[in-house]
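Colleague: Got a structure for you, written out below as structure tokens; questions coming shortly.
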Amino acid sequence: MLQNLFEINNRLFKICLIGDGGTGKSSIVERFLGKGFSIGYNLTIGTNICTHTATVEDREIKFQIWDLAGQQRFEFVRKTFYRGSQAVMMVFDLTRPETLKNLREWKQEVLKNVGHSVPFPVVLLGNKCDLQQKIVITQEEITKFRNELRIDFLCDVPFLLTSALSGMNVHEAFEILGYQLLQHRQIATPTKVVTTS
Ligand SMILES: Nc1nc2c(ncn2[C@@H]2O[C@H](COP(=O)(O)OP(=O)(O)OP(=O)(O)O)[C@@H](O)[C@H]2O)c(=O)[nH]1
Ligand SMILES: [Mg+2]
157 MLQNLFEINN RLFKICLIGD GGTGKSSIVE RFLGKGFSIG YNLTIGTNIC
207 THTATVEDRE IKFQIWDLAG QQRFEFVRKT FYRGSQAVMM VFDLTRPETL
257 KNLREWKQEV LKNVGHSVPF PVVLLGNKCD LQQKIVITQE EITKFRNELR
307 IDFLCDVPFL LTSALSGMNV HEAFEILGYQ LLQHRQIATP TKVVTTS
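Residue numbers 157 to 353, in our numbering, belong to the letters of the sequence shown in order.
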């Protein structure tokens, strides 16, 4: 009984942030952790791992966040980092169309390395939406990719415009992923109420 209560109240979910180098994955995590934003680019080497708690539908859930290195040169080490992950956040840069195209390769990497656990929760983020004048990606391209993701992961894939710089939709992205994870385990109720800490 106590064991059950512990499991219900303390949920730990391993999630991976993926996407090309420089799309803003680490900046999104820093923002989520309440550490603000830095303009300089410190590329991630291998992976950064941290934990953070969010409250989704009055339930506390803990994310173990694996912020993977996006640069090509880290491809060979990334495989092992996916092991046991329960969801992914895919990040592209709204000002660099190739970063959305390349997510198709990232998708294959996930499918190859997370096993056959489907449906598999995924959230898609178009980051750097503060750079409005430089946005070159169309809604059609995004919708097309979301449809592909839905087929491969057997899940609806929410899409959010984010900015690690302004903080726009950063907490919401984690909340939605948390909600998807709870729903996946059939714990969430149909009405979504979320807050973060
Ligand atoms: N304007 C703007 N710049 C951003 C945003 N997010 C990140 N950046 C900048 O983009 C650069 C790369 O950000 P990172 O968070 O290091 O990118 P990353 O995806 O973690 O890169 P890798 O670790 O190499 O995979 C940095 O100079 C950030 O300041 C954003 O929302 N808006
Ligand atoms: Mg990084």
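All C-beta atoms, glycine included, are put in the ideal place defined by N, C-alpha and C.
How far does the alpha helix (DSSP H) with D308 in it reach, from first residue to last?
Modeller: Its alpha helix (DSSP H) spans residues Q295 to F309.
Colleague: Taking just the CA atoms, how far does L199 sit from N303?
Modeller: Each residue's alpha carbon lies about 30 Å from the other.
Colleague: Closer than 6 Å by C-beta to I222: which residues in its own chain qualify, once you throw out the five before and the five after it? Chain order, please.
Modeller: Looking at the sequence itself, residue 222 is Trp, so the reference to Ile does not match. Correct list, in chain order: C172, T203, I205 and F237.
Colleague: Can you look up L281 in the DSSP assignment and give me helix, strand or coil?
Modeller: L281 falls in the strand class under three-state DSSP.
Colleague: Since R234 is in the alpha helix (DSSP H), which residue starts that stretch and which ends it?
Modeller: From DSSP, the alpha helix (DSSP H) with R234 extends over E231 to F237.
Colleague: Which of the three DSSP states, helix, strand or coil, is assigned to E213?
Modeller: Coil, per DSSP.
Colleague: Check whether the Cβ of S182 sits closer than 7 Å to any heavy atom of ligand 2, and report yes or no.
Modeller: Yes, since a heavy atom of ligand 2 falls inside the 7 Å radius drawn around the Cβ of S182.
Colleague: What residue from G190, G271, D176 and G196 has the CA that sits closest to E261's CA?
Modeller: Checked all of G190, G271, D176 and G196; the closest Cα to E261 is D176.
Colleague: Run the CB neighbour count on T351, radius 10 Å, all protein chains shown included, and call it buried at 16 or more, exposed below.
Modeller: Caution is warranted here: a pLDDT of 44 is assigned to T351, below 50, making its placement in the model unreliable, and no coordinate value can be reported.
Colleague: So what does DSSP say about L321, is it helix, strand or coil?
Modeller: Of the three classes helix, strand and coil, the one that applies to L321 here is coil, per DSSP.
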